[in-house]
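In our numbering, the protein residues as written are 669 to 1087.
We treat Cβ as the ideally placed atom computed from N, Cα and C, and that holds for glycine.
Worksheet: the structure to be examined is printed underneath.
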Ligand code: EPU
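And the structure:
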């Protein structure tokens, strides 16, 4: 197992390239199951989650070849059974349900189970498949779905915490090969779904309205192979932007799409960081005096839950009290007790964390619990005086491509060591 050793207190300076979006690439790879013909996805980040989905697709019978930042997938003959041993390691594998139903009219996928950020139910995914005419049962820990034919329908995908991202992706993919027209109401509006719709349309699907709460899919008989470049990772970009502000550095993000994370950039400006978007370049500059702020996570285009932990670290440096409220996942505060080990003053009150600042953070050993909590701890380590050891960084490697290298290029004193 690897750890990151960070000697903090150095402002980040320079340019950082933003990689392709993990959360776009996973459903794009799954969508390749919808056709027998070869597909190529470009701008694919080298991440363990991406490699892992590649292994699951291989286990289903697809040929998967990674080369540079591309992956070629050919799903000529596939089977419908995704085993527990593979699926349990990656919750995102639920995005195989829609493509398997679209292509084979049957799917058997192990239920991914909960994770540290919450219980992570799949009721809306199942509702979507049932609306298209599938019989769905849960037996022996597996979702078992079957249909003689899939028939377009109207389906409302709003849940307790708002729309579902991968649930929307699943219905879009299955409905692309259904008979007739499907209308998804209260669809998730995340840019990753627009990217998926663009890829599906390049494969011959007829999807319109992606990016809005109403998505219309006219089913077609079959899809063909296509090539597509994934969008840049808005959460990686948000993480580097927050790290620049937190270390009082100045970082230019290259290849990012500022329009995909307005909510984060707007918050950074509100708390006193400078955000400059001139001539296609996005530069974030930290200032000495940071203001406190209240942040509530929301579905897109609101403040993303995937940047909540990182923002919390930043708020430990603001003068005054900030209240950070998590509205998407019920227990996404695992970073709070680890940030306290660095000296942060944070208390949890129901769905909110009350952050008192500014606190001088000092280096300590901390344990990463999930991907974004890990990113928050890394930012904490970059601010802290002295040495921070972030343990269990396999979480980071699931979602941040070569984060240690990228940070080093920005001047951070970071090294990866084996435990
Ligand atoms: N929900 C239900 N029923 C369902 C599905 C979801 O109640 O059937 C609830 C969830 O419990 C949660 C809310 O709806 O309260 C939103 O969950 P959503 O389904 O949108 O999450 P997801 O699609 O499983 C994706 C990202 C997550 C990101 C969320 C929210 C991928 C692979 N994962 O998950 O990314 O946090 O959307 O934006 O796209 C990460 O990258 O660190 C990560 C966790």
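Practice problem: Can you give me the start and stop residues for the alpha helix (DSSP H) that residue 767 sits inside? | Solution: In the DSSP assignment, residue 767 falls within the alpha helix (DSSP H) that extends over 765-772.
Quiz item: Quick one: is residue 1056 buried, meaning 16 or more other Cβ sit within 10 Å of its Cβ, or exposed?
Solution: Here residue 1056 is buried. Its C-beta has 16 or more other C-beta atoms within 10 Å.
Quiz item: Does any C-beta atom of chain B lie closer than 9 Å to the C-beta of residue 1040?
Solution: No chain B appears in the structure shown, which is made up of a single protein chain.
Self-check item: Straight-line Cα distance separating residue 727 from residue 832
Solution: 27 Å
Quiz prompt | Buried versus exposed, by CB contacts within 10 Å (16 or more), residue 688 | solution = buried
Self-check item: Pairwise C-alpha distance: residue 1086 and residue 849
Solution: 53 Å
Practice problem: Would you identify the three-state DSSP class for residue 900, choosing helix, strand or coil? | Solution: Three-state DSSP puts residue 900 in a strand.
Quiz item: In angstroms, rounded to a whole number, what distance separates the CA positions of residue 845 and residue 914?
Solution: Computed Cα separation, rounded: 47 Å.
Quiz item: From 1037, 1039, 1030, 1067, pick the residue whose C-alpha is nearest to that of residue 1052; which is it?
Solution: 1030
Exercise. Kindly provide the ranges of any beta strand (DSSP E) runs that are 3 or more residues long and lie completely inside the segment 854-891, ordered along the chain.
Key: 874-876, 882-886
Self-check item: Helix, strand or coil at residue 955 according to DSSP, with G and I counted as helix
Solution: Here residue 955 sits in coil by DSSP.
Quiz item: Is residue 1013 helix, strand or coil when you go by DSSP?
Solution: Judged by DSSP in its simplified three-state form, residue 1013 adopts strand.
Self-check item: Chain-order list of residues whose beta-carbon lies under 8 Å from that of residue 880 (same chain, five-residue window excluded)
Solution: 855, 857
Quiz item: Which class does residue 908 belong to by DSSP, given the choice of helix, strand or coil?
Solution: helix
Quiz prompt | 6 Å Cβ shell around residue 803 - same chain, five flanking residues per side excluded | solution = 814
Exercise. Give every residue of the same chain whose Cβ lies closer than 6 Å to the Cβ of residue 810, excluding the five residues on either side of it in the sequence, and list them in chain order.
Key: 776, 778
Quiz item: Going by the C-beta, is residue 972 closer than 8 Å to any heavy atom of the ligand EPU?
Solution: yes
Practice problem: For my contact list, residue 1047 and residue 910 are in at a C-beta cut-off of 8 Å; report their separation, rounded to the angstrom. | Solution: 6 Å
Practice problem: Please say whether residue 861 and residue 837 have beta carbons closer to each other than 9 Å? | Solution: yes
Quiz item: So what's residue 716 in DSSP terms, helix, strand or just coil?
Solution: helix
Quiz item: Closest by CA to residue 759, which one among 738, 739, 749, 788?
Solution: 788
Quiz item: Counting pairs of Cβ atoms below 8 Å between the segment 881-899 and the segment 715-725, do you hit three or more?
Solution: no
Exercise. May I ask you to check if the CB of residue 856 is nearer than 8 Å to at least one heavy atom of the ligand EPU?
Key: yes
Quiz item: Can the beta-carbon of residue 1039 be found less than 9 Å from the beta-carbon of residue 1080?
Solution: Cβ distance not < 9 Å, so residue 1039 and residue 1080 don't count as in contact.
Quiz item: Does DSSP classify residue 751 as helix, strand or coil?
Solution: The three-state reading of DSSP puts residue 751 in coil, since its state is none of H, G, I, E or B.
Practice problem: Inspect the beta-carbon positions of residue 952 and residue 935 and report whether they are closer than 9 Å. | Solution: Judged by beta-carbon spacing, residue 935 lies beyond the 9 Å limit of residue 952, meaning their Cβ atoms are not closer than that value.
Practice problem: Could you spell out the range, first to last residue, of the alpha helix (DSSP H) harbouring residue 836? | Solution: 833-844
Practice problem: Check whether the segment 936-944 touches the segment 1066-1080, counting contact only when three or more Cβ pairs, one atom from each stretch, lie closer than 8 Å. | Solution: With contact defined as three or more Cβ pairs closer than 8 Å, the segment 936-944 and the segment 1066-1080 are not in contact.
Quiz item: Using a threshold of 8 Å, is the CB atom of residue 863 nearer than that to any non-hydrogen atom of the ligand EPU?
Solution: no
Quiz item: Going by the beta-carbon positions, is the gap between residue 773 and residue 737 smaller than 9 Å?
Solution: no
Quiz item: For residue 886, which option in 840, 959, 1061 has the closest C-alpha, if you only look at C-alpha atoms?
Solution: 840
Quiz item: According to the neighbour-count rule (16 or more other Cβ atoms, all chains shown, within 10 Å of its Cβ), is residue 744 buried or exposed?
Solution: exposed
Quiz item: Counting Cβ pairs closer than 8 Å, one from the segment 865-885 and one from the segment 920-938, do we hit at least three?
Solution: no
Practice problem: Count the other C-beta atoms from every protein chain shown that fall within 10 angstroms of the C-beta of residue 669, then say buried if there are 16 or more, exposed otherwise. | Solution: exposed
Practice problem: Could you tell me whether any non-hydrogen atom of the ligand EPU is closer than 8 Å to the CB of residue 903? | Solution: Flag set: Cβ of residue 903 near the ligand EPU.
Exercise. Reducing DSSP to helix, strand and coil, say where residue 1027 ends up.
Key: coil
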